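**Student:** Read in order, the letters of the sequence shown correspond to residues -17 to -1, 1 to 250 in mature numbering (1 follows the signal peptide of the UniProt record, and there is no 0).
All C-beta atoms in this analysis are idealised placements derived from N, C-alpha and C, irrespective of residue type, glycine included.
From a predicted model like this one, the values you see are computed outputs, not experimental measurements.
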Amino acid sequence: MWASIGAVAALVAIVAGKSYDALLTELSTDTMAYKESDGNFDFSVAESSAMGKRENSPGTLLHERLLQLPVLSMRSLDNAKALETIKVAAVEAQEQANYGDFFYLWEVMHHNGYPAMLNDLGTGEFEYEIKNRLGLKTHFLQKLADTLTNTNLAAMYRNLSRAPETQISKRDHTDCSHSNIPDKSHCDRLMRVLKNGLFLRRDRNRCHGSCCAAWNQALEVHTDWVRGKTEWCVHHCIRSGRSCKIIGISMQGKDTNLCVSSIATCT
């Protein structure tokens, strides 16, 4: 059962030490203070959603599209506590049908809790994510803008007409893309903090900063395998300012894709 809006707001204050709006302001202006923390993080839009179906309106259609957002099941090596704080605010945004706030908060969680690339509209990251997740339908964009409670976020939904061109080059089974680009220094750090000799049982990602290595199958993989694939991606794509997807890796009888990018999922 859902807590009341007041109870959720109180929980935000307790967990985050600040109001819902203050958290949104800090995220949208890159002023949130972080404390390094390692842990698992999970969030499902469908399981946490309390918004019922309403009349056949843009809000209802947008709500249905939001319910289709991927489940976030992450292992953050540096930002787990912040993710939990953002999750509480995202639940409150759902409760209040603040679609614009909610989608932004979901994207921040999808980026391991770091909003810098989303906030910098020059990167095209936020525009690409809107089109990729929701589609650039005018009534969707208007509904997102109408359900923002923080003025710092409003510019992100203005004048979005098309997603930035995604340039992809093929190298064997590796795709390099100009979308979801991670910070190379964060990928270097991710490779350093992956502990030697560990098996990751049925996990699907590891994230540090703005860099996530993620794979699309539930497998038992060794950290050396993750590190090696990440190193390959850094060499072939990331050092030249692109994200990376290795397609069709044969692992445990499955064709597996692995991505090294700024988000915690891989398709």
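Is it right to say Y17 is buried, meaning 16 or more other beta carbons lie within 10 angstroms of its own, or is it exposed?
**Tutor:** That one is exposed.
**Student:** Quick check on the DSSP output: the beta strand (DSSP E) that includes K167 runs from which residue to which?
**Tutor:** K167 -> not in any beta strand (DSSP E); alpha helix (DSSP H) instead, spanning 167 to 176.
**Student:** Can you look up R225 in the DSSP assignment and give me helix, strand or coil?
**Tutor:** Of the three classes helix, strand and coil, the one that applies to R225 here is coil, per DSSP.
**Student:** Are there three or more Cβ pairs, one per stretch, closer than 8 Å when the stretch 167 to 184 is compared with the stretch 66 to 85?
**Tutor:** No, because fewer than three Cβ pairs between the stretch 167 to 184 and the stretch 66 to 85 fall closer than 8 Å, the two stretches do not touch.
**Student:** Label L10 either buried or exposed according to how many other C-beta atoms from any shown protein chain fall within 10 Å of its C-beta, with 16 as the threshold for buried.
**Tutor:** The residue is buried, with at least 16 neighbouring Cβ atoms inside 10 Å.
**Student:** In angstroms, rounded to a whole number, what distance separates the CA positions of H93 and N133?
**Tutor:** Their backbone Cα atoms lie some 20 Å apart in a straight line.
**Student:** Quick one, which of L177, D207, K237 has its alpha-carbon nearest A201's?
**Tutor:** When each option's Cα is compared against that of A201, the closest is K237.
**Student:** Taking 8 Å as the limit between beta carbons, can you name the residues of its chain near S193, skipping five residues before and five after?
**Tutor:** Counting only Cβ-Cβ distances below 8 Å, and skipping sequence neighbours, we find H94, N95, Y97, A99, M100, P165, D166, H169, S245.
**Student:** So S223 and V243 are in contact, right, with Cβ under 8 Å, and what is the actual spacing, rounded?
**Tutor:** Contact doesn't hold; Cβ gap of about 13 Å is too wide.
**Student:** Just list the beta strand (DSSP E) runs in the stretch 184 to 216, keeping only unbroken ones of 3 residues or longer that don't cross its boundaries, in chain order.
**Tutor:** Runs of the beta strand (DSSP E) inside the stretch 184 to 216: 188 to 191, 194 to 198, 203 to 205.
**Student:** Which of helix, strand or coil does DSSP assign to V243?
**Tutor:** In the structure shown, V243 sits in a strand (DSSP, three-state: E or B).
**Student:** Assuming T157 contacts I229 (C-beta within less than 8 Å), just tell me the rounded distance between them.
**Tutor:** Right, their Cβ atoms sit about 5 Å apart.
**Student:** Where do the ends of the alpha helix (DSSP H) carrying G83 lie?
**Tutor:** First-last of the alpha helix (DSSP H) with G83: 82 to 93.
**Student:** Below 8 Å, how does it come out for the stretch 117 to 124 and the stretch 41 to 56: are there three or more Cβ pairs, yes or no?
**Tutor:** Result yes; three or more Cβ-Cβ pairs closer than 8 Å.
**Student:** Give me, in chain order, the residues of the same chain whose beta-carbon lies closer than 7 Å to that of E30; leave out the 5 immediate sequence neighbours on both sides.
**Tutor:** Result list for E30: empty, nothing under 7 Å.
**Student:** Would a C-beta distance cut-off of 8 Å place L52 and F24 closer than the cut-off?
**Tutor:** No, the pair does not count as a contact, with Cβ atoms beyond the cut-off.
**Student:** My output table needs one value for K237: the three-state DSSP class, helix, strand or coil.
**Tutor:** Strand at K237.
**Student:** Measure the alpha-carbon distance for W198 versus H191 and round it to whole angstroms.
**Tutor:** Distance between the alpha carbons of W198 and H191: 15 Å.
**Student:** Grab me the residues of L173's own chain with a C-beta within less than 6 Å of its C-beta, minus the 5 sequence neighbours each way, in chain order.
**Tutor:** So the list reads H191, C194, once near-sequence residues are dropped.
**Student:** Using a Cβ-Cβ cut-off of 8 Å (strictly less than) and excluding sequence neighbours within five positions of L136, which residues of its own chain qualify?
**Tutor:** Counting only Cβ-Cβ distances below 8 Å, and skipping sequence neighbours, we find L7, S11, G83, D84, Y87.
**Student:** Taking DSSP's pairing of strands, which residues face N23 in a bridge?
**Tutor:** Answer is R58.
**Student:** Shortest alpha-carbon distance to T248 belongs to which of S59, V71, S20, Y3?
**Tutor:** Looking at the Cα atoms, S59 is the closest of the given residues.
**Student:** Does DSSP put L45 in a helix, a strand or coil?
**Tutor:** Helix, per DSSP.
**Student:** Alpha carbon to alpha carbon, how far is D171 from C220? Give it in angstroms, no decimals.
**Tutor:** Each residue's Cα considered, the two are about 13 Å apart.
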